[in-house]
Each structure stands twice: as structure tokens, then as C-alpha cells.
Amino acid sequence: MYFSFKHDDWEWIEVEQKVDLKAELAHQSHMSSKWLETLEKNKQDVIGNFTGVEGEEALWGRLTYDQSMESKKDTKTFSFFLTKDTLLTSQLNQNLFSVESREEMEQKLNVSANATQAFIVLINTVLHKFLEQIDQFEYRLRELIWGIKENNNLDLLERIAQSRHELIIWNNLVIPLVEIQFTLKETFDDKILQTPEYSRLRTRLDRIRMLIKEYSQEVEALTDMENLVSNQRGNEIIKTLTVITTIFTPAAVFGAIWGMNFKSIPEFEWAHGYAFALTVILTTTFSLFFYLKKKGWMGEILKTKSNKSMFR
């Protein structure tokens with residue numbers, strides 16, 4: 003055991019080893035054995051509750067409270083078992099929370115009337131950590147929004163895809179916390195939950211879900227813009243290659259004709275054959291060029307690149 007918080011009417015015990023955890027559960031609710039069984043079978047987020055006996059309601063599960071956006075395996079989860087007067091947790095590293103968050107959590111634990119309220123304080127601390135990390139995502143997203151105007155390339159598309167993936171991860175992390183909110187209301191008496199901390203829990207969940215939704219819409223808009231810019235630039239490239247190929251077609255045709263090794267070609271004997279061939283090639287090339295330009299088929303390919311435009 004390496005952490006405990008004892009109040010007059012309740013206690014929070016953090017245990018390090020599963021053996022110690024079983025020992026602590028020996029005098030707890032008869033549902034504690036089912037909790038251990040559930041945790042042994044499930045390594046990911048899982049939530050369960052018991053409401054069969056009045057006064058012995060219990061809530062248990064496993065929650066992810068820290069997740070790397072780069073590696074699936076770089077994750078931190080903690081197990082919990084909650085009754086009205088006891089909160090047991092396992093594998094919870096409080097050092098992953100900021101100093102300010104830990105100090106605030108301790109202050110709120112001192113005024114918590116029961117273990118359920120203490121657990122809500124803990125969940126609010128996890129949500130606070132998530133919100134701090136989402137603020138960092140917001141900064142990166144802002145840079146990405148301006149990056150699509152300044153430099154549209156494959157690296158930018160990769161960053162947009164990473165942002166979409168990160169938002170999916172955040173949504174996946176928040177869903178179990180939303181379930182916790184509803185399960186708390188399902189398991190325990192409403193009087194226990196009529197506290198500022200439970201109201202703050204609901205507000206923070208609404209806030210974080212709103213941020214994820216709004217940022218998802220922004221990333222979707224960035225994806226659409228990236229597709230628009232890429233398609234436009236791709237069309238311009240194809241148009242440019244088509245125009246260049248068309249303009250130089252006469253030179254290629256005449257070059258192919260006069261490059262044949264037939265002795266019967268009369269132009270080979272002309273004294274001014276080279277000048278004649280060059281004149282014909284240049285005349286047809288420029289004539290075709292001005293024809294395409296008059297028809298408006300040259301598009302924007304003759305204009306220089308502008309730093310203020312996304313398409314050029």
C-alpha cells in the first residue's frame with residue numbers, strides 16, 4: 003500500500019500489488035470478488051456496478067487516464083472499487099497529474115462527505131488533465147489551419163490525418179467517463195450526487211465533448227479544403243502538361259518526318275531546307291500557342307506563383 007486518505011466517515015486506499023488488493027477487499031462488499039474477476043478478464047476500460055442490496059451499492063472498473071497519441075502501448079490505466087464509504091484504487095500514479103491539480107484534489111477530498119464524492123473529485127482531476135492536453139491540441143490545430151494556406155504539401159496532409167486520429171482517440175477516452183457519470187447516477191442515491199463536484203463533472207464532460215465535436219468539424223473542413231486545393235493544383239498541372247504537349251506537337255511531327263532516312267525526301271537537297279524547316283516549326287508552334295490563348299484554354303499556367311493564394 004503506498005497511498006491512503008482517511009476521513010471521519012470514509013477512506014480512499016491505493017494499493018500497489020494485487021495481493022494487497024485482495025486483502026483489502028476481504029472485508030468489503032461481497033461484490034468485490036466479482037470486481038477482481040472482471041479486472042482479470044479485461045485489460046481495457048470496463049465498468050460494472052451492483053445495486054442488489056440497499057446500502058451495499060458498489061461501482062467498479064478500470065479507466066484509462068493517460069494515453070500517448072503516438073503509441074497504443076504507451077497508456078496508463080487504474081482500477082477502482084467504490085462503495086459509499088470506501089474507495090479502492092490500484093495502479094494510479096498521481097504524479098502524472100500536475101502539482102496544481104493534486105493540491106486542488108487534496109483540498110476537495112478534505113471536504114468530501116463520502117467516498118462517492120471523493121471518486122467524483124478524482125474523475126474531475128482526470129478530466130482536467132484531458133482538458134489541458136486538448137488545449138495543446140488546439141494550438142497545433144491553429145498552426146495547421148494557417149499551414150494549409152502557407153504550404154500545401156504531403157506533410158500537411160499527414161498532419162491533418164494525425165489530427166483526425168488524435169480526436170478519435172480523445173473521443174474514445176471520454177466515452178468511458180461519460181458512462182461513469184451515468185453509472186454513478188444509476189448506482190447511488192441522488193442525495194449523494196447533489197454536490198457541486200458532480201455538477202462540475204457533468205459540465206466538464208459537456209465541455210470536453212463540445213471541444214472534440216467542434217475540433218472534429220474544423221479538421222473535416224481542413225480535409226475538404228486540402229482536397230479542393232490539391233484537386234485544383236492537380237488540374238492545373240494536368241492542364242499545363244496538356245498545353246505544353248499540344249504546343250510542341252508540330253515540332254515533334256515535323257521533326258519525325260524530316261528525321262526519316264529516305265533518300266527520296268526532296269527537302270534533303272534544298273539549300274535552304276534547314277531554314278525552311280525551322281520556319282515551319284516555329285510558325286506552327288506559335289500559331290497553335292496564340293490559338294490556345296485566344297480560346298482561353300491556357301488557364302492560369304502563365305501567371306507567377308502568389309504567396310497570398312492557395313492555388314498558385
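205 is the number that the working numbering gives to position 203 of the sequence shown; each next residue is one higher, with no gaps.
C-beta atoms are modelled at their ideal positions from N, C-alpha and C, and glycine is treated no differently.
(message) When you compare the segment 240–248 with the segment 168–181, are there three or more beta-carbon pairs, one atom per stretch, that lie closer than 8 Å?
(response) No contact exists between the segment 240–248 and the segment 168–181.
(request) Report the residue from Q96, K215 and N229 whose alpha carbon sits nearest the alpha carbon of E160. (result) Checking every option, the nearest Cα to that of E160 belongs to N229.
(message) For the beta strand (DSSP E) containing L90, name the first residue and the last one.
(response) L90 -> beta strand (DSSP E) spans T88 to S92.
(request) Please state whether DSSP places T66 in a helix, a strand or coil. (result) Of the three classes helix, strand and coil, the one that applies to T66 here is strand, per DSSP.
(request) Count the CB pairs spanning the segment 274–287 and the segment 249–261 that are closer than 8 Å, and state whether there are at least three. (result) They touch, by the three-pair rule.
(request) Figure out for me which residue from I194, I249, E271 and N263 has the closest Cα to the Cα of F288. (result) Restricting attention to I194, I249, E271 and N263, the CA atom closest to the CA of F288 is found in I249.
(request) Let me know if S266 comes out buried or exposed under the rule of 16 or more other beta-carbons within 10 Å of its beta-carbon. (result) Result: exposed.
(message) Once the 5 residues before and after S103 are set aside, which same chain residues still bring their CB inside 6 Å of it?
(response) Within the same chain, Cβ atoms closer than 6 Å to the Cβ of S103 are found at T127 and H130, the five residues on either side in sequence being excluded.
(request) Identify the continuous alpha helix (DSSP H) that holds T287 and give its terminal residues. (result) Segment G275 to K297, the alpha helix (DSSP H) holding T287.
(message) Under 8 Å: do the segment 103–122 and the segment 199–212 share three or more Cβ pairs, one atom per stretch?
(response) Below 8 Å, enough C-beta pairs join the segment 103–122 and the segment 199–212 to call them touching: three or more.
(request) Tell me where the beta strand (DSSP E) around W14 begins and ends. (result) Residues E13 to V17.
(message) So, for D87: in the same chain, excluding its five sequence neighbours on each side, which residues have a beta-carbon less than 7 Å away from its beta-carbon?
(response) If we look at D87 and ignore the five residues flanking it on each side, its Cβ neighbours are D11, W12, N116 and A117.
(request) With distances taken Cα to Cα, identify the nearest neighbour of R206 among G149, L124, V55 and E105. (result) Cα-wise, what sits closest to R206 is L124.
(request) Would you list the residues sitting across from N51 in a DSSP beta bridge? (result) Answer is L61, bridged to N51.
(request) Starting from K78, follow the beta strand (DSSP E) in both directions and report where the run begins and ends. (result) T77 to L84 is the span of the beta strand (DSSP E), which, as asked, contains K78.
(request) Pull up the distance between the alpha-carbon of H9 and that of E108, whole angstroms please. (result) Distance between the alpha carbons of H9 and E108: 12 Å.
(request) Given a cut-off of 8 Å, decide if T77 and Q93 are closer than it, judged by their beta-carbon atoms. (result) Not a contact, by the Cβ cut-off of 8 Å.
(request) Assuming K122 and L61 form a contact by the criterion Cβ under 8 Å, report the distance between their Cβ atoms to the nearest whole angstrom. (result) Looking at the sequence provided, one finds Ile at residue 122 rather than Lys. Not really, about 11 Å apart at Cβ, beyond 8 Å.
(message) Between the alpha carbons of I49 and Q138, how many angstroms are there, rounded?
(response) Going by C-alpha positions, I49 is about 29 Å away from Q138.
(request) Along the alpha helix (DSSP H) that carries W272, what are the first and last residues, could you check? (result) That residue, W272, is in no alpha helix (DSSP H); it is neither H nor E in DSSP.
(message) What does the alpha-carbon distance come out to for the pair L224 and E168?
(response) The straight-line gap from Cα to Cα measures roughly 15 Å.
(request) Look up F313 in the DSSP assignment and say whether it is helix, strand or coil. (result) Note on F313: pLDDT 48, under 50, position unreliable in the model; the coordinate value appears next. Here DSSP, grouped into helix, strand and coil, assigns F313 to coil.
(message) By DSSP's criteria, K8 is part of a beta bridge. Which residues make up the other side?
(response) In the DSSP secondary-structure assignment, K8 is bridged to E13.
(message) Mapping the DSSP letters down to three states, classify N263 as helix, strand or coil.
(response) DSSP places N263 outside both helix and strand once states are collapsed to three, so it counts as coil.
(request) Return helix, strand or coil for Q164, following the three-state DSSP convention. (result) Residue state, collapsed to three classes: helix.
(request) Along the alpha helix (DSSP H) that carries V113, what are the first and last residues, could you check? (result) Note, V113: premise wrong, no alpha helix (DSSP H); not H, not E.
(request) Can you give me the Cβ contacts of L98 inside the same chain, cut-off strictly under 8 Å, excluding the 5 residues immediately before and after it? (result) Excluding sequence neighbours, L98 sits near Y67, D68, K78 and K131.
(request) Thinking V245 and I162 are a contact (beta carbons under 8 Å), I'd like their distance in whole angstroms, please. (result) With a Cβ gap of about 31 Å, V245 and I162 do not count as contacting.
(message) Buried or exposed for Q219, going by 16 or more other Cβ atoms inside 10 Å?
(response) Exposed, because fewer than 16 other Cβ atoms sit within 10 Å of the Cβ of Q219.
(request) Would you kindly work out how many angstroms separate the C-alpha atoms of S70 and I171, rounded to a whole number? (result) Spanning the two alpha carbons is a distance of roughly 9 Å.
(message) With the cut-off set at 8 Å, would you say I194 and L90 are in Cβ contact?
(response) The answer is no: Cβ separation not under 8 Å.
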